[in-house]
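Undergrad: Numbering (the working numbering), first residue to last: 26 to 583.
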């Protein structure tokens with residue numbers, strides 16, 4: 026068993042606003058008769074005003090210090106510059122020597138108001154002084170000061186913090202959870218492609234998406250954790266035909282026989298590119314698969330199942346839980362969704378394709394290709410409709426790299442034109458793209474192996490565990506623990522280090538993957554936090570005290 030002092034999940038203790046930190050069942054072989062009624066209902070629902078609740082209705086909570094401070098600074102800004110529209114408080118944590126939090130509005134506000142009649146301020150510092158003067162009195166604030174070009178620094182009251190920590194001990198940590206006005210959300214994350222191995226590029230989506238889902242669940246929101254795998258498309262004709270050729274009795278084939286699924290994919294792709302006869306058979310195989318021929322469906326399901334087992338091994342190591350609903354799940358619904366959008370007048374013909382034009386964007390959103398086939402936009406529009414209409418989700422969050430931002434902007438705007446989403450992004454139901462930067466190597470380029478291959482996620486986790494185990498042995502733990510304890514602790518520390526290193530970095534920027542820094546036992550690392558937790562557990566054990574007694578004592582900060 027893993028030592029209890031290290032058996033904890035690396036999830037945020039005090040959640041901040043969520044976005045400040047983006048199954049494979051066989052399909053029916055015939056047409057989808059139930060969709061006709063759903064299509065009519067979709068067309069009707071799209072013409073009605075959506076049922077909307079606002080984020081302003083969200084309740085306050087004790088733990089969201091940043092939001093509580095923002096409300097106070099909002100009142101101060103309104104008093105400092107009466108009648109000035111759209112001033113959003115810019116509140117952030119600051120360097121410890123200046124205080125706990127900081128309001129950074131002075132410079133931006135000065136650039137808007139300087140030169141206006143009646144404005145008496147003589148620069149950002151004066152604006153900062155006025156913001157501080159107009160800040161309402163609050164028991165949570167001990168002192169304020171102005172630094173530099175008008176930064177208003179806030180020191181939190183030690184008494185207030187002690188009282189609230191005491192309250193948390195008595196009432197439970199869940200009382201600090203942000204209280205949202207929604208009941209159900211979908212978080213779409215990870216989403217690897219079938220027949221391709223998960224690589225380091227899936228790392229950030231998987232970790233960030235899992236964390237966002239956990240934070241929403243912490244706030245008592247029902248979260249549908251969706252793995253939108255790439256399990257449909259023309260590449261499956263190539264894979265199925267190659268499977269038939271290499272393994273005539275394919276039903277008896279397992280992942281051991283196929284070996285490296287990534288290599289299997291590459292080999293089939295090479296045949297497809299150079300062998301015209303094989304390419305013709307592969308293209309016909311796609312038609313047979315999509316028309317529902319049983320043999321081709323079985324082969325498709327076999328390939329998907331092998332991939333799924335490999336994905337699940339990675340998810341198990343990371344402690345991540347998702348429900349798979351891939352592209353194939355939504356495929357039968359696409360014609361009805363396109364028909365409904367066409368009936369609304371949103372879909373137009375352009376260069377042989379069927380598209381939706383988006384205001385302010387030069388290129389249209391293609392929903393049916395010129396050859397009559399569907400694409401990512403077709404599937405994504407349909408998945409969004411399904412999640413809103415059938416699954417009754419009020420917030421759909423997509424976690425992908427920032428390079429896909431324009432795609433999401435376009436299809437969100439198309440959904441607003443269709444009436445599926447409100448025009449105001451502050452209202453529910455809503456869809457959000459949570460983008461993230463790339464994982465880089467020490468050379469500043471995309472993280473790859475020496476042979477320029479993308480780093481397999483399984484290999485990366487193996488390396489994290491190996492290095493973690495070596496560090497534990499160096500500390501003499503091999504003499505203290507059983508081999509099982511050593512293995513499990515190496516996994517907890519190694520995998521935790523990888524997850525924490527991703528989450529501590531700015532979500533939107535690229536970051537350099539560095540094992541030495543991740544596994545350092547000093548500084549802002551998972552290893553340091555885990556050992557700090559272990560030391561706390563040791564103190565508790567040696568004290569002989571019942572921690573429940575803490576609820577009865579008075580907490581004070583010196």
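Don't be surprised by glycine CBs; every beta carbon is placed ideally from N, CA and C.
1) Here's the rule I'm using: 16 or more other beta-carbon atoms within 10 Å means buried, otherwise exposed. How should residue 424 be labelled?
2) If we count Cβ pairs, one from each stretch, closer than 8 Å, do we get three or more for the stretch 244-254 versus the stretch 377-386?
3) Taking DSSP as the reference, what is the three-state secondary structure of residue 573?
4) Would you identify the three-state DSSP class for residue 178, choosing helix, strand or coil?
5) Report the CB separation of residue 446 from residue 455 in whole angstroms; it is logged as a contact under 8 Å.
6) To the nearest whole angstrom, what separates the beta carbons of residue 412 and residue 392, a pair I think is in contact under 8 Å?
7) Which whole-angstrom value describes the C-beta separation of residue 246 and residue 208, a residue pair presumed to lie in contact below a C-beta threshold of 8 Å?
8) If you draw a straight line from the C-alpha of residue 409 to the C-alpha of residue 421, how long is it?
9) State the Cα-Cα distance for the pair residue 414 and residue 145, rounded to the nearest angstrom.
10) Who pairs with residue 168 in a beta bridge, going by DSSP?
11) Excluding the 5 residues flanking residue 400 on each side, which residues of the same chain have their C-beta closer than 7 Å to its C-beta?
12) Helix, strand or coil, according to DSSP, for residue 116 in the structure here?
13) Between which two residues does the beta strand (DSSP E) harbouring residue 460 extend?
14) Which same chain residues end up closer than 6 Å to residue 62 when comparing Cβ atoms and leaving out the 5 residues on each side of it in sequence?
15) With a 10 Å radius around its C-beta and 16 neighbouring C-beta atoms as the bar for buried, classify residue 47 as buried or exposed.
16) Could you work out which residue in 342, 433, 497 and 201 is closest to residue 521 when comparing CA atoms only?
17) State the Cα-Cα distance for the pair residue 151 and residue 221, rounded to the nearest angstrom.
18) How many Å lie between residue 345 and residue 235 at the Cα?
19) Buried or exposed: residue 120, going by 16 or more other Cβ atoms within 10 Å of its Cβ?
20) Can you look up residue 362 in the DSSP assignment and give me helix, strand or coil?
21) Note down the Cα distance separating residue 480 from residue 124, rounded to an integer number of angstroms.
22) Can you tell me whether residue 368 is helix, strand or coil according to DSSP?
23) CB-CB under 7 Å to residue 570, same chain, minus the five flanking residues each way: which ones, in chain order?
24) Please determine, among 322, 266, 337 and 335, the residue with the shortest C-alpha to C-alpha distance to residue 309.
25) Give me the Cβ distance between residue 143 and residue 175, rounded to the nearest whole Å; I'm assuming they're in contact under 8 Å.
TA: The answer reads as follows:
1) buried
2) no
3) For residue 573, the secondary structure class from DSSP, reduced to helix, strand or coil, is helix.
4) Residue 178: strand per DSSP, three-state reduction.
5) 6 Å
6) No, residue 412 and residue 392 are not in contact; Cβ-Cβ is about 17 Å, not under 8 Å.
7) About 7 Å separates the two Cβ atoms, so the contact holds.
8) Cα to Cα, residue 409 sits roughly 8 Å from residue 421.
9) For residue 414 and residue 145, the gap between their C-alpha atoms comes out near 54 Å.
10) Note: residue 168 sits in a beta bridge opposite 180.
11) Contacts found: 391 and 394.
12) strand
13) Residue 460 -> beta strand (DSSP E) spans 455-461.
14) Residue confidence for residue 62 is low, a pLDDT of 37 falling below 50, so the modelled location carries little weight and cannot support an answer.
15) Any answer about residue 47 is weak, because its pLDDT of 31 lies below 50 and its placement is not dependable; what the coordinates show is given next. Classification for residue 47: buried.
16) 342
17) 59 Å
18) 6 Å
19) exposed
20) When DSSP states are grouped into helix, strand and coil, residue 362 belongs to the helix group.
21) 42 Å
22) helix
23) none
24) 266
25) That pair is no contact at about 19 Å.
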